Amino acid sequence: MCGNHCWRNGQEIPHPHATASPFYLFGSKQTRAKNGHVFSVTSVCFFRFKQPYRKWRLLLVTACLCVSELCPLSWLPEAAVPADINDDIVCLCVCRCISIFFVEFQTHFGADYAATAWIHSLVDCTTMLCAPVGSLVMNRWSCRVSVMLGGLLSSCGLLFSSFSSSLELLYFTMGIITGLGFALCYTPAIALVGSYFQRRKALAYGLAMSGSGIGTFVLAPVVQLLIEMYSWRGALLVLSAFVANLCVCGALLRPITVQEEEEEEEEEEGLKPSSEKQLCTSEYRFLLQPDFLGMASSFIFLASGCSLPFVYLVPYALSTGISHQHAAFLMSILGVIDIVGNITFGWLTDRRCLKPLRLFCYVFAVTMEGLCCLFAPLLHSFALLVPFAVLYGYFDGAYVALIPVVTSDVVGAPYLSSALGVVYFLHAVPFLVSPPIGGWLVDFTGSYTATFFLSGGAMLVSAFVLAIVTTVRRCHRLRPLPLSLSKLNMVLIPAS
């Protein structure tokens, strides 16, 4: 409960007996037979935040910012950049510092664009596909264990990559091992922020997730300098040691230990379907919620469209006659404004007037992104593409910061870790296949119009689906709570 809200079966609803102190209400139902009768058993567990955890919040956000900075999730932008662009332009166009190694790998192994691009594809796809693994490790042990294990794996993956003698070996060391390490780090760190913050959750997520944009501009020049001084093998060795600091970040992620107290309310009722009974005994019971299913489908459309502008903005700008330097500067603008969107939109949606409307704010951000993409083919000069980069970058940062927040609002805070694993898992295949589909449209039509229309249309469909979910949720928001809270006691055991 936070303020005058509590959670029932993963949904936040008002309750008249609420207090000002925040705590989580975690409810589940099971059925059992007793003396020939079937009874319903309701289990409730909860915890209350107190001052020791509040003092730890700043360190937690700093650690999560470093995790998001050190876990480079890219959108394969280098696969679409024409081969005649020089190395400096390639480094500026990519969205994460690992992309800087693309040209080095291509030159050293004599591989073509498609073969080399699979390294990046595997890093991204493995990170997203294995996101549920990170959630499982966090729920089984702790966020600290998951992030420290992920830091060790990703560091070893980069270390082994520095000794790779073939492109196929890089597929395994950098693509699989490093990607799995990032998956173990990213999702648990982001999920833990939601456990520490209730009043300023969106702002906390905005600060924590801005690390990816900051790392683009801080780490990219450093990595490029390392490549020039020590070659790509030496740069990977240094980067391996640097990524090992994820273990330090993981040590700062202090888990919250909860003492569960259960009270049972028994009443006769019929048996439920076996599939629902199985899900209700696991941490993935939120998969039965229609709200989450609708949100999940919207994320699939969103992931199909949001990566295309990052991939094709620079090639489109070059096709309109803009110079290489100005085209690269568009990506720099987009990256900087992305950070601004992370922080400012998170702060805005934490205001009292907008906090109940965060889902609508998320829909608005995705809608604006889709409209920007629909109008992009009409922009044929640098002066017109700069506003596009500003608007798209801002709303991209806005919706990225709100993904964990709206997920928590839909499924409930107790299920956030598992739900985020599923959400990021749903991004994997669209991130992998949408850039090639966009490239095929460019080859087939001879222009970038169809590609930007595909991107904008997919995001508008995503916004429409989630708008329906949001409207339905508001219609059912004030349902009564059938569980008495008057007998519940709140207990918190400080974590070591």
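Going by full-length UniProt numbering, the first residue of the sequence shown is number 1, and it counts up by one from there. Heads up, the beta-carbon is just placed ideally off N, CA and C, and yes, glycines get one too. Source: prediction; values computed, not measured.
Exposure of residue i, with buried meaning 16 or more beta-carbon neighbours within 10 Å
{"i": "Tyr140", "result": "Sequence inspection shows Arg at residue 140; the Tyr mentioned does not correspond to that position. Counting Cβ neighbours within 10 Å, Arg140 comes out exposed, since fewer than 16 surround it."}
{"i": "Val366", "result": "buried"}
{"i": "Cys361", "result": "buried"}
{"i": "Ser298", "result": "buried"}
{"i": "Glu228", "result": "exposed"}
{"i": "Gly321", "result": "exposed"}
{"i": "Cys373", "result": "buried"}
{"i": "Phe26", "result": "For Phe26, the predicted model reports a pLDDT of 40, less than 50, meaning its position is unreliable and no value from the coordinates is stated."}
{"i": "Cys306", "result": "buried"}
{"i": "Phe444", "result": "exposed"}
{"i": "Ala204", "result": "buried"}
{"i": "Gln325", "result": "exposed"}
{"i": "Pro404", "result": "buried"}
{"i": "Ala208", "result": "buried"}
{"i": "Val248", "result": "exposed"}
{"i": "Ser121", "result": "buried"}
{"i": "Val193", "result": "buried"}
{"i": "Val469", "result": "buried"}
{"i": "Phe388", "result": "buried"}
{"i": "Phe182", "result": "buried"}
{"i": "Gly151", "result": "buried"}
{"i": "Ala241", "result": "exposed"}
{"i": "Val472", "result": "exposed"}
{"i": "Gly446", "result": "exposed"}
{"i": "Leu402", "result": "buried"}
{"i": "Arg352", "result": "exposed"}
{"i": "Leu180", "result": "buried"}
{"i": "Ser381", "result": "exposed"}
{"i": "Leu293", "result": "exposed"}
{"i": "Leu239", "result": "buried"}
{"i": "Phe163", "result": "exposed"}
{"i": "Leu378", "result": "exposed"}
Contact under 8 Å by Cβ, residue i with residue j
{"i": "Leu149", "j": "Val137", "result": "yes"}
{"i": "Leu426", "j": "Ala296", "result": "yes"}
{"i": "Leu348", "j": "Leu357", "result": "no"}
{"i": "Ile343", "j": "Gly250", "result": "no"}
{"i": "Ala131", "j": "Gly421", "result": "yes"}
{"i": "Gly457", "j": "Phe395", "result": "no"}
{"i": "Val433", "j": "Asp291", "result": "no"}
{"i": "Cys185", "j": "Ala428", "result": "no"}
{"i": "Leu466", "j": "Leu454", "result": "no"}
{"i": "Leu385", "j": "Leu330", "result": "yes"}
{"i": "Phe431", "j": "Ala376", "result": "no"}
{"i": "Val363", "j": "Ala463", "result": "yes"}
{"i": "Ala189", "j": "Gly346", "result": "no"}
{"i": "Ala328", "j": "Val314", "result": "yes"}
{"i": "Leu159", "j": "Met174", "result": "no"}
{"i": "Met128", "j": "Tyr415", "result": "no"}
{"i": "Ser319", "j": "Tyr448", "result": "yes"}
{"i": "Ser210", "j": "Ile339", "result": "yes"}
{"i": "Pro221", "j": "Leu308", "result": "no"}
{"i": "Leu169", "j": "Ile119", "result": "no"}
{"i": "Trp232", "j": "Phe109", "result": "no"}
{"i": "Asp350", "j": "Arg200", "result": "yes"}
Within-8 Å CB hit, residue i to chain B
{"i": "Arg140", "result": "The chain labelled as chain B is not found in the depicted structure, where only one protein chain is given."}
Contact belief for residue i with residue j at Cβ below 8 Å, rounded distance in angstroms
{"i": "Val123", "j": "Thr187", "result": "Not confirmed; about 15 Å, so no contact."}
{"i": "Leu334", "j": "Val406", "result": "About 23 Å; that fails the 8 Å criterion."}
{"i": "Ser408", "j": "Ser135", "result": "About 14 Å; that fails the 8 Å criterion."}
{"i": "Val243", "j": "Ser155", "result": "5 Å"}
{"i": "Gly412", "j": "Ile337", "result": "That belief does not hold up - the Cβ atoms of Gly412 and Ile337 are roughly 32 Å apart, past 8 Å."}
{"i": "Leu226", "j": "Arg144", "result": "The Cβ separation is near 30 Å, so there is no contact."}
{"i": "Leu460", "j": "Gly393", "result": "Their Cβ separation, rounded to whole angstroms, is 19 Å, which puts Leu460 and Gly393 out of contact at 8 Å."}
{"i": "Leu167", "j": "Ala115", "result": "6 Å"}
{"i": "Val147", "j": "Leu246", "result": "6 Å"}
Closer than 7 Å: residue i CB and nearest the ligand ATP heavy atom
{"i": "Cys185", "result": "Although the ligand ATP was asked about, the structure shown includes no ligands whatsoever."}
Practice item. Pick out the complete alpha helix (DSSP H) segments inside the stretch 363-429, 4 residues or longer, and give them in chain order. Key: Counting only runs of at least 4 residues, the stretch 363-429 fully encloses the following alpha helix (DSSP H) elements, listed from N- to C-terminal order: 382-411.
Review point. In chain order, which continuous runs of the alpha helix (DSSP H) of length 4 or greater are located wholly inside the stretch 293-367?
Key: Positions of the alpha helix (DSSP H) runs, each at least 4 residues long and wholly inside the stretch 293-367, are given as 324-349 in order along the chain.
Practice item. Pick out the complete alpha helix (DSSP H) segments inside the stretch 138-168, 4 residues or longer, and give them in chain order. Key: Restricted to the stretch 138-168, the alpha helix (DSSP H) segments that are unbroken, complete and at least 4 residues in length are 143-161, listed in chain order.
Exercise for review: Return the chain-ordered ranges of every beta strand (DSSP E) run that is complete within the stretch 173-251 and spans a minimum of 3 residues.
Suggested key: The stretch 173-251 contains no whole beta strand (DSSP E) run of 3 or more residues.
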